[in-house]
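Just below is one structure, and these are the notes that go with it.
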Amino acid sequence: MKRKDPIAEARRYVENAKDTLREKGELNVELNRYEDEKYVRAAGNYLWLGVLQALDAIFNVRKDRRTRVDINNYLEAVGKRDRKLLAYVNDGYDVMHLYMNYDGNQAKDLCDTGFRLANQIIDRCEMMMPKS
Numbered sequence: 212m213k214r215k216d217p218i219a220e221a222r223r224y225v226e227n228a229k230d231t232l233r234e235k236g237e238l239n240v241e242l243n244r245y246e247d248e249k250y251v252r253a254a255g256n257y258l259w260l261g262v263l264q265a266l267d268a269i270f271n272v273r274k275d276r277r278t279r280v281d282i283n284n285y286l287e288a289v290g291k292r293d294r295k296l297l298a299y300v301n302d303g304y305d306v307m308h309l310y311m312n313y314d315g316n317q318a319k320d321l322c323d324t325g326f327r328l329a330n331q332i333i334d335r336c337e338m339m340m341p342k343s
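Just so you know, we're using my numbering here: the sequence shown kicks off at 212 and counts up by one.
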């Protein structure tokens with residue numbers, strides 16, 4: 212089912228990531244780390260997919276939903292329009308996609324940074340959305 216509001220859909224991905232860590236990602240308070248990297252990976256994936264949803268709404272990078280787009284295409288498109296957003300996307304790619312999703316880094320502070328960056332990127336994209 213295709214949703215009409217891509218920003219709301221992006222925020223839904225962030226909520227899914229939050230729910231995943233809250234419900235299944237047991238936090239070791241003493242170490243300030245999540246116990247199971249599986250849920251950190253899932254949360255990082257949800258966050259990054261939400262970011263891509265917001266970026267796709269603003270930047271015409273992905274011509275076809277079936278094709279895979281290189282991160283450099285996004286960085287180039289974003290860099291031409293908004294340098295602050297470019298910094299967020301660069302950092303977000305590293306934190307959400309690489310450290311959380313691929314590496315499964317279980318540090319809570321890193322995960323908190325991923326959520327902060329995802330929200331900053333989505334908020335910035337929302338500001339760029341054409342008003343109807």
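C-beta atoms are modelled at their ideal positions from N, C-alpha and C, and glycine is treated no differently.
Assumed close pair residue i, residue j - CB separation to whole angstroms, cut-off 8 Å
i    : j    : result
I218 : A288 : About 17 Å separates the two Cβ atoms, so there is no contact after all.
G303 : L297 : No, G303 and L297 are not in contact; Cβ-Cβ is about 10 Å, not under 8 Å.
Q264 : Y310 : That belief does not hold up - the Cβ atoms of Q264 and Y310 are roughly 20 Å apart, past 8 Å.
R335 : D305 : Contact flag wrong, Cβ pair sits at about 17 Å.
Span of the alpha helix (DSSP H), counted from its first residue to its last, around residue i
i    : result
V280 : Note, V280: premise wrong, no alpha helix (DSSP H); not H, not E.
M339 : K319 to M339
L266 : E248 to I269
N227 : P217 to E234
V300 : R294 to G303
Proximity below 8 Å, CB of residue i to CB of residue j
i    : j    : result
N256 : N312 : yes
E248 : Q317 : yes
L286 : N301 : yes
L328 : Y299 : yes
Sequence-distant residues of its chain with Cβ nearer than 7 Å to residue i (five each side left out)
i    : result
Y250 : T231, L232, K235 and G236
L238 : Y245 and K319
K274 : none
N227 : Y257
G315 : E248, V251 and R252
Own chain partners of residue i with C-beta closer than 8 Å, once the 5 adjacent residues on each side are dropped
i    : result
M212 : In this prediction, M212 scores a pLDDT of 44, lower than 50, which makes its location untrustworthy; the coordinate-derived value is nonetheless stated afterwards. Cβ within range, chain order: n/a, list empty.
I333 : I218, A221, R222, V225, G261, V262 and A265
Chain C contact for residue i (CB, 8 Å cutoff)
i    : result
K274 : The displayed structure is made up of one protein chain only, and chain C is not part of it.
Spatial neighbours of residue i in its chain, beta-carbon cut-off 6 Å, leaving aside the 5 residues before and after
i    : result
K229 : none
M307 : G255, L258, W259 and G325
Checklist entry - Are the region 272-289 and the region 248-255 in contact at 8 Å, needing three or more beta carbon pairs? => result no
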